[in-house]
Amino acid sequence: IAASGNFSILNHLTVVPALACLDDGVFRRTAAPARRKRSALRWLADLAVVGVVGWLSRPVVANLLQTSGRGQVMNASFDPWRLVNTYGAFGSVGERRYEPIVSLSPDGGATWTELEFPCKPGDVARRPCFSAPYHHRLDWNIWFIGFKPHQQMLRGRERWLYAFLAKLLDGDALARSLLA
Numbered sequence: 001i002a003a004s005g006n007f008s009i010l011n012h013l014t015v016v017p018a019l020a021c022l023d024d025g026v027f028r029r030t031a032a033p034a035r036r037k038r039s040a041l042r043w044l045a046d047l048a049v050v051g052v053v054g055w056l057s058r059p060v061v062a063n064l065l066q067t068s069g070r071g072q073v074m075n076a077s078f079d080p081w082r083l084v085n086t087y088g089a090f091g092s093v094g095e096r097r098y099e100p101i102v103s104l105s106p107d108g109g110a111t112w113t114e115l116e117f118p119c120k121p122g123d124v125a126r127r128p129c130f131s132a133p134y135h136h137r138l139d140w141n142i143w144f145i146g147f148k149p150h151q152q153m154l155r156g157r158e159r160w161l162y163a164f165l166a167k168l169l170d171g172d173a174l175a176r177s178l179l180a
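First residue of the sequence shown? That's 1 in UniProt numbering, and the numbers climb one at a time after it.
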């Protein structure tokens, strides 16, 4: 994930839990306790878990290899059993995402000015933003609005956007600095 995108702190939030996947032998270089032989029962239990996860992985692998364009159902076989963590950088990805364009009109709608956010898609001639290990929080929140249907986009938790726009219209320097 770190090599393929600018996900800031998500890189670390993804890598740190993955350390649990490392074999204990990786850590034995600092402390080497005596190795115990696994019992046959433990070996069979491990084999059973691997078999169940492997069996449930069939639809996931088929889904990865499909080219028909039908709906993605990545973790449908795993989720009811709660056997494995199906969380990635994002637990799910919707089919559609709207790109919110925030514009202000200081003269009652005669002229409109599109706001440029530092890390939000915009002018294609602009150099891409690099902000790791942090996010530009405002851009991040605006980006998430695009996952919601446009009819309901500004309901509930997005009240902060109305307050932000009101501050911009009032000429608030602190609000304007978030766009610099």
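Heads up, the beta-carbon is just placed ideally off N, CA and C, and yes, glycines get one too.
Could you give the distance in angstroms between the alpha-carbon of ASP123 and the alpha-carbon of ARG176? If you number the sequence shown from 1, residue 123 lands on position 123. If you number the sequence shown from 1, residue 176 lands on position 176. Computed Cα separation, rounded: 19 Å.
Alpha helix (DSSP H) segment containing residue 188, residue limits: In the structure as shown, the chain starts at 1 and stops at 180, and residue 188 therefore has no counterpart that could be examined.
Pick helix, strand or coil for LEU169, following the three-state DSSP scheme. The count along the sequence shown starts at 1 and reaches residue 169 at position 169. Helix, per DSSP.
With distances taken Cα to Cα, identify the nearest neighbour of TYR98 among LEU44, TRP81, ILE142. Translated into the one-based positions of the sequence shown, residue 98 becomes position 98. Answer by Cα proximity: ILE142.
Under the rule that 16 or more other beta-carbon atoms within 10 Å means buried, what is SER77, buried or exposed? Taking the sequence shown and counting its residues from 1, one reaches residue 77 at position 77. The Cβ neighbour count for SER77, taken over all protein chains shown within 10 Å, is at least 16; the residue is labelled buried.
Going by DSSP in three states, LEU83 sits in which element: helix, strand or coil? Position 83 of the sequence shown holds residue 83. When DSSP states are grouped into helix, strand and coil, LEU83 belongs to the coil group.
What span of residues does the alpha helix (DSSP H) with ASP46 cover, start to end? For the purposes of this step, residue 46 is taken as residue 46 along the sequence shown, with counting starting at 1. DSSP places ASP46 in the uninterrupted alpha helix (DSSP H) bounded by 40-65.
Strand pairing of GLU116, partner residues [DSSP]: Here the question's residue 116 lines up with position 116 in the sequence shown. Beta-bridge pairing links GLU116 to no other residue.
Span separating the alpha-carbon of LYS167 from that of LEU179: Mapped onto the sequence shown, residue 167 falls at position 167. Mapped onto the sequence shown, residue 179 falls at position 179. C-alpha separation (whole angstroms): 12 Å.
Do ALA125 and ASN11 have their beta-carbon atoms positioned less than 8 Å apart in this structure? In the sequence shown, the residue the question calls residue 11 occupies position 11. In the sequence shown, the residue the question calls residue 125 occupies position 125. Not closer than 8 Å, so no.
CA-to-CA distance, LEU41 to GLY51, given in whole angstroms: On the sequence shown, position 51 is the one that residue 51 refers to. On the sequence shown, position 41 is the one that residue 41 refers to. Going from the Cα of GLY51 to the Cα of LEU41 covers about 15 Å.
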